[in-house]
Amino acid sequence: MASTATLPSKMKAWTYGEYGKSSDVLKLDTDVAVPQINDDQVLVKVAAAGINPIDFKRMAGMFKATDSPLPIIPGYDVAGVVVKVGSRVKKFKEGDEVYGDINEKALDHPTQFGTIAEYTVAAEKLLALKPKNLSFIQSAGLPLAMETAYEGLERCHFSAGNSILVLGGVGTMIIQVHFL
Ligand SMILES: NC(=O)c1ccc[n+]([C@@H]2O[C@H](COP(=O)([O-])OP(=O)(O)OC[C@H]3O[C@@H](n4cnc5c(N)ncnc54)[C@H](OP(=O)(O)O)[C@@H]3O)[C@@H](O)[C@H]2O)c1
1 MASTATLPSK MKAWTYGEYG KSSDVLKLDT DVAVPQINDD QVLVKVAAAG INPIDFKRMA
61 GMFKATDSPL PIIPGYDVAG VVVKVGSRVK KFKEGDEVYG DINEKALDHP TQFGTIAEYT
121 VAAEKLLALK PKNLSFIQSA GLPLAMETAY EGLERCHFSA GNSILVLGGV GTMIIQVHFL
């Protein structure tokens, strides 16, 4: 595990510098600066990252009016190990295994420094300790889809006596949230 003293200044990351189809614009960049953290953030060594429909829609420029500046490292979901903590971080320490969706608001200036990279930055409040019974890959597949499922149930005011039609995809999460 990397400690603060041994953190590199550069990393590999998938990036795009213009909007378009991933096959046209997405590039593996081997010389990206490792992002700096604020006081309330942690630096995570990425073990696994999730890809969601929002990533390709964002890459296509569908949200460009509220996006962060290009170039962008895509990716919302992450599971990995904390390697550096900001001075106001209370919940985590170096070495903690964490997971989460690093964007508090999906469409309102999502971070320029996403999770499809060797390192990513997230606010402490957006992460949780990774469940011990889930792998990094399993954990990285959960956050945004689970948030969507939860929000879907809230938006349709689902309660006893109501019926909803649940489709596949993120709908499989709805079934799991409902039975929690
Ligand atoms: N995944 C996320 O975390 C997330 C987050 C926010 C918003 N969203 C949005 O939610 C939507 C669905 O995302 P997803 O990840 O669940 O996609 P998905 O994995 O492709 O699942 C879509 C599901 O809808 C079914 N379906 C599609 N067209 C249908 C139709 N005409 N009639 C009945 N069923 C139909 C599909 O059935 P088949 O499998 O039989 O084709 C599939 O089970 C997208 O618009 C996405 O942008 C997703």
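Just so we're aligned, residue 1 is where the sequence shown starts under full-length UniProt numbering, counting upward by one. For each residue, glycine too, the CB sits at the ideal point set by N, CA and C. Computed from a prediction, not measured in an experiment: that's the story for all the values here.
- For Y150, no beta strand (DSSP E) segment is defined; the enclosing uninterrupted segment is the alpha helix (DSSP H) at 143 to 155.
- By the neighbour-count criterion, in which a residue is buried when 16 or more other Cβ atoms sit within 10 angstroms of its Cβ, M62 is exposed.
- Between V42 and V89, the gap from beta carbon to beta carbon is short of 7 Å.
- Chain-ordered, the residues whose CB falls short of 6 Å from any heavy atom of ligand 1 come out as N52, P53, I54, L144, A145, T148, L167, G168, G169, V170.
- L26 and Y16 have their C-alpha atoms some 5 Å from each other.
- If only uninterrupted beta strand (DSSP E) runs of at least 3 residues are considered, those enclosed by the region 56 to 87 are 77 to 85.
- Cα atoms of I73 and L165: separation of roughly 35 Å, rounded to the nearest angstrom.
- When secondary structure is reduced to three states using DSSP, D31 falls in the strand class.
- In this structure G20 is exposed. Its beta-carbon is surrounded by fewer than 16 other beta-carbon atoms within 10 angstroms.
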